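There are 2 protein chains.
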Amino acid sequence: MANDIDGAPVARHGRGRRPADEVRADVLHTVGDLLLRRGLTGLTFECVARESGVSKTTLYKWWPSLGALALDGYFHGVQDTLAFPDTGDVRADVTTQLHQFLGLMTTTPAGRLLAELIGRSQTDPDLAREYRRLYSSGRRQLAADRFRIAQRAGQIRSEIDVRVVIDQLWGAMYHRLLVPDEPVNADFVDALIENVFAGITPARP
Amino acid sequence: MANDIDGAPVARHGRGRRPADEVRADVLHTVGDLLLRRGLTGLTFECVARESGVSKTTLYKWWPSLGALALDGYFHGVQDTLAFPDTGDVRADVTTQLHQFLGLMTTTPAGRLLAELIGRSQTDPDLAREYRRLYSSGRRQLAADRFRIAQRAGQIRSEIDVRVVIDQLWGAMYHRLLVPDEPVNADFVDALIENVFAGITPARP
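If you read the sequences in order, they're chains A and B.
So the first sequence is residues 1 to 205, counted in UniProt numbering.
So the second sequence is residues 1 to 205, counted in UniProt numbering.
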């Protein structure tokens with residue numbers, strides 16, 4: 001219940017129309033929640049309409065496909081868990097964030113969900129485009145923003161293309177997720193960070 | 001035409017049975033060649049039987065599925081291109097090999113082929129197992145062998161887990177292949193190598 005400028009309560013719920021942004025945020029919250037509990041299995045427009053109280057017509061208007069709805073919901077569902085802290089120490093912050101990502105991949109259906117979406121997108125150009133538009137490009141941008149702060153602070157060499165570092169940390173995790181020859185675990189995360197921050201060659205004399 | 005111990009020519013072709021290993025190698029060569037020219041499209045047991053002159057019964061005996069035949073053929077088809085040189089300088093050798101891999105991915109159907117196989121394997125556990133058994137685990141082993149030589153030569157720190165470095169070079173390339181937010185090109189390859197060999201932080205004073 002919000003107050004208008006005269007201090008009188010303004011009914012936002014139950015009576016009249018709720019603002020579209022608010023309804024949309026509620027739907028995304030519902031979808032993110034469903035995905036993190038149950039994965040893609042059983043996600044349908046019907047069940048999202050039922051759980052969110054929003055008509056299927058409205059859902060179709062905002063999200064033309066189930067893939068788009070799932071990706072948008074997932075992006076919003078993980079944004080708090082995968083936020084980049086800024087304590088002033090980029091290596092510590094990236095370590096925190098990658099361990100959060102590891103937890104999401106290993107203790108929720110998120111790993112399976114992402115693997116299936118990337119898998120299907122290899123033969124479905126529409127899904128591939130939506131995956132990049134609604135999920136991966138946004139996630140890359142957030143990581144790049146944190147690395148550029150670190151470059152300005154002199155913690156990462158200025159000539160480094162931070163977009164490449166993203167593939168060597170998160171991309172390496174996706175690689176083991178998609179082709180599981182080796183496990184995705186805390187030792188792996190720590191080794192990824194050590195290698196790319198410190199380099200694998202002996203210290204210069 | 002080989003010679004037996006008395007120096008008399010021994011007919012291996014045309015008359016009698018050829019050794020199974022030789023027939024098998026011929027089939028793999030045929031399949032590797034077909035895949036690098038045309039990709040997975042149109043690859044069938046019928047067409048391999050026709051091009052190699054080996055009966056479908058024999059092909060089915062050796063390769064229970066088209067996926068297994070394709071993966072085995074592809075592994076053999078790329079082994080010369082993707083061989084690891086050993087000039088004594090691991091960074092130079094890895095640079096050579098990664099540029100060969102880049103060429104394969106960008107100028108042949110190999111990139112699309114690998115992306116489709118990894119994609120399908122997300123929802124096909126048999127294919128996933130065959131992919132690892134017949135392709136990716138063998139490729140990882142070859143890279144690890146070259147890095148371990150470098151560790152013994154003091155060119156890579158002895159405490160580095162070289163399996164992780166593999167995900168940060170080849171895995172990072174697969175990541176951009178599968179989720180093409182950013183391009184796979186020569187600059188990317190060179191940056192991957194620079195980052196992981198030298199580290200992204202400023203040189204220690």
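Don't be surprised by glycine CBs; every beta carbon is placed ideally from N, CA and C.
It should be emphasised that the depicted structure is a prediction, and the values quoted were computed from it without experimental measurement.
Cβ distance (whole Å) where residue i is taken to contact residue j below 8 Å
i                : j                : result
arginine 163(A)  : glutamate 182(B) : 6 Å
leucine 34(B)    : glutamate 46(B)  : Contact doesn't hold; Cβ gap of about 12 Å is too wide.
valine 184(A)    : valine 165(A)    : With 8 Å as the limit, valine 184(A) and valine 165(A) do not qualify as a contact, their Cβ atoms being about 19 Å apart.
alanine 186(A)   : leucine 102(A)   : 7 Å
glycine 77(B)    : leucine 36(B)    : 6 Å
leucine 177(A)   : glycine 111(A)   : 6 Å
aspartate 86(B)  : arginine 146(B)  : 7 Å
glycine 32(A)    : tyrosine 74(A)   : 6 Å
leucine 82(B)    : glutamine 100(B) : 6 Å
glutamine 168(A) : glutamine 168(B) : 4 Å
Residue i classed as buried or exposed, judged by whether at least 16 other C-beta atoms fall within 10 angstroms
i                 : result
glutamate 159(A)  : exposed
tyrosine 131(B)   : buried
alanine 128(A)    : buried
arginine 24(B)    : buried
glutamine 141(B)  : exposed
isoleucine 200(A) : buried
glutamate 194(A)  : buried
aspartate 4(B)    : In this prediction, aspartate 4(B) has a pLDDT of 39, which is less than 50 and means its spatial position is unreliable; nothing more can be read from the coordinates.
glycine 171(B)    : buried
glycine 53(A)     : exposed
valine 10(A)      : Bear in mind that the predicted position of valine 10(A) carries a pLDDT of just 39, short of 50, making it unreliable; the figure below should be weighed with that in mind. It is exposed - the Cβ of valine 10(A) has fewer than 16 other Cβ atoms within 10 Å.
aspartate 21(A)   : exposed
serine 136(B)     : buried
threonine 57(A)   : exposed
tyrosine 60(B)    : exposed
alanine 92(A)     : exposed
Contacting residues, own chain, Cβ-Cβ under 6 Å from residue i (five flanking each side not counted)
i               : result
glutamine 97(A) : Phe84
serine 121(B)   : Leu127, Ala128 and Tyr131
proline 109(A)  : Gly39
residue 263(B)  : A query on residue 263(B) cannot be resolved here, the shown segment of chain B reaching from 1 to 205 and no further.
aspartate 6(A)  : Residue placement at aspartate 6(A) is poorly supported in this model, since its pLDDT is 41, which falls under 50; the coordinates still yield a value, given next. Excluding positions up to five away in sequence, the list is empty.
valine 27(B)    : Ser52 and Val54
Cβ neighbours of residue i in the same chain (closer than 8 Å, five flanking residues each side left out)
i                : result
alanine 153(A)   : Gly88 and Val90
tryptophan 63(B) : Leu69 and Asp72
aspartate 190(B) : Thr95
threonine 106(B) : Val184 and Asn185
threonine 30(A)  : Val48, Glu51, Ser52 and Gly73
leucine 66(B)    : Leu43, Thr44 and Phe45
Own chain residues within Cβ distance below 7 Å of residue i, not counting five before or after
i              : result
residue 219(A) : This structure cannot speak to residue 219(A), because chain A is shown only from 1 to 205.
serine 55(B)   : Ala49
Next item on the list: Would you list, in chain order, the members of the segment 25-55 of chain A that have their beta-carbon closer than 8 Å to a beta-carbon of chain B?
Entry: none
Notebook entry, point to check: Considering only residues of the segment 109-137 of chain B, which uninterrupted alpha helix (DSSP H) runs meet the minimum length of 4 residues and lie entirely inside it, listed in chain order?
Noted result: 110-121 and 125-131
Note to self: Using a Cβ-Cβ cutoff of 7 Å, what residues of the segment 177-188 of chain A are near chain B? List them in chain order.
What the structure shows: Leu178, Val179, Asp181, Glu182 and Phe188
Notebook entry, point to check: Given a limit of 7 Å on CB to CB distance, which residues of the segment 160-178 of chain A reach chain B?
Noted result: Ile160, Asp161, Arg163, Val164, Val165, Asp167, Gln168, Gly171, Ala172, Tyr174, His175, Arg176 and Leu178
Checklist line | Within 8 Å of chain B by C-beta, residues of the segment 130-145 of chain A in sequence order | finding: Tyr131, Arg132, Ser136, Ser137 and Arg140
Notebook entry, point to check: If contact means a Cβ-Cβ distance below 8 Å, which residues of the segment 94-125 of chain B contact chain A?
Noted result: Ala115, Glu116, Ile118, Gly119, Arg120, Ser121, Gln122 and Thr123
Check: Mind listing which residues of the segment 190-204 of chain B have their C-beta closer than 9 Å to chain A's C-betas, in chain order?
Finding: Ala191, Leu192, Glu194, Asn195, Val196, Phe197, Ala198, Gly199, Ile200, Thr201, Pro202, Ala203 and Arg204
Check: Taking the runs of the alpha helix (DSSP H) that are 4 residues or longer, which of them lie wholly in the UniProt domain "HTH tetR-type" (21-81) of chain A?
Finding: 45-52, 56-62 and 66-78
Check: the segment 53-81 of chain B: which residues have C-beta closer than 7 Å to a C-beta of chain A, in chain order?
Finding: none
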